[in-house]
Amino acid sequence: MAGAEYPASAIHKMQMQRICVISDTHGAYDERVERLFVGASHIIHAGDIGRATPPIIGRLELIAPVTVVTGNIDWNTALDIYPLTAQVTVGGVQIFVQHIGGKPAQFLRELPNPLPQVAICGHSHIALVEEYRGVLFVNPGSAGQPRFGAEPTVAFLDIADGTVKAEIVPLLMTQWL
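First residue of the sequence shown? That's 3 in this note's numbering, and the numbers climb one at a time after it.
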């Protein structure tokens, strides 16, 4: 019995794509990130990269394509080469990235029209996944210098058939990897 044939576009839509989101590394690079991000379709760094040796973005680029925005600690440094905002489409899902976004009601006013499906920011070091007025807002928290007693975190966006699911992943929970 012959297998079913699907057009390439249908096969592409059926495959899940994982976007790994990191922010506020502040020059601290946890090698668990590499193990956690293996298999990613795309990586987004939402700013406050900070200086590190070897450079953080270069290490992430060895895993998957990376979209990067400049954070406030990156201004007037060698890292100021990245844009303040970025838009990327992965798996048919429009994503907007900006370092300083704030709470969803505030961030919504800064988004481009038409609205993206996902808006990502960093800066606050407070992890967040919240849907507000049809936009999924994600802040992965801080992977480098958490505040307020929080642990270091990143986020995953899983995209399949045009829908997005987001989760916050604590780096400390990945010690078994």
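Ideal Cβ positions, reconstructed from N, Cα and C, are used throughout, including at glycine. In this text, all values refer to a predicted model and were calculated from it rather than measured experimentally.
Residue 71 sits close to residue 48, with the two beta carbons spaced by under 8 angstroms. Going by DSSP, residue 172 is part of the beta strand (DSSP E) stretching over 165–172. The C-alpha of residue 151 is placed about 28 angstroms away from the C-alpha of residue 98.
Apart from the 5 residues on each side of it in sequence, residue 137 sits with its Cβ closer than 8 angstroms to the Cβ of 106, 110, 113, 117, 118, 119, 120 and 121 in its chain, given in chain order. Under the DSSP definition of a beta bridge, residue 100 partners with 87.
With respect to the C-alpha of residue 162, the residue from 148, 92 and 140 having the closest C-alpha is 92.
One alpha carbon belongs to residue 132, the other to residue 79, and they sit about 32 angstroms apart.
Around the beta carbon of residue 50, a 10 Å sphere encloses 16 or more other beta carbons of the protein chains shown; the residue is thus reported as buried. When DSSP states are grouped into helix, strand and coil, residue 162 belongs to the strand group. In this model, residue 19 and residue 65 are separated by some 14 angstroms (Cα to Cα). Contact between residue 32 and residue 145 holds: CB atoms are separated by about 6 angstroms, below the 8 angstroms threshold.
Linking residue 37 to residue 61 through their CA atoms gives a straight-line distance of about 12 angstroms.
Of the residues 90, 68 and 59, the one whose Cα lies closest to the Cα of residue 28 is 59.
Residue 108: member of the alpha helix (DSSP H) spanning 106–110, first to last residue. Where residue 45 is concerned, the enclosing beta strand (DSSP E) starts and stops at 44–47.
Short of 8 angstroms from the beta carbon of residue 82, and not among the five residues preceding or following it, lie these beta carbons of its own chain, in chain order: 72 and 76.
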